Amino acid sequence: MKQAGFFDVEERLARLSGLGDQLEAFSRTVDFEVFRPELDKALAYSDGSKGGRPPFDPVL
1 MKQAGFFDVE ERLARLSGLG DQLEAFSRTV DFEVFRPELD KALAYSDGSK
51 GGRPPFDPVL
């Protein structure tokens, strides 16, 4: 498997958008930020005082 080129991801996303990406339509309909407070409570991320990798955004 070859390594992705500099613009490969951008071109792939543009092609998906042109074909009618269902995730884009879904994200225009649903405001996922509404779920952020509940996700923050449920995931219980550490405060980061011990270092380590920063957590993923819960509304990914």
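Using the UniProt record's numbering, you'd call the opening residue of the sequence shown number 1 and step up by one each time. Beta carbons: idealized from backbone N, C-alpha and C, even for Gly. As the structure is a computational prediction, the values presented were derived from the model and not from experiment.
With distances taken from CA atoms, which of the options is nearest residue i?
{"i": "Phe56", "options": "Phe7, Ala44 and Lys50", "result": "Ala44"}
Do residue i and residue j have their C-beta atoms within less than 7 Å of each other?
{"i": "Arg36", "j": "Val59", "result": "yes"}
Since residue i contacts residue j with CB under 8 Å, what's their CB separation in whole angstroms?
{"i": "Glu10", "j": "Ser17", "result": "Their Cβ separation, rounded to whole angstroms, is 11 Å, which puts Glu10 and Ser17 out of contact at 8 Å."}
Given residue i, which residues of its chain have a CB within under 7 Å of its CB, disregarding the five upstream and five downstream residues?
{"i": "Leu39", "result": "Pro58 and Val59"}
{"i": "Gly51", "result": "none"}
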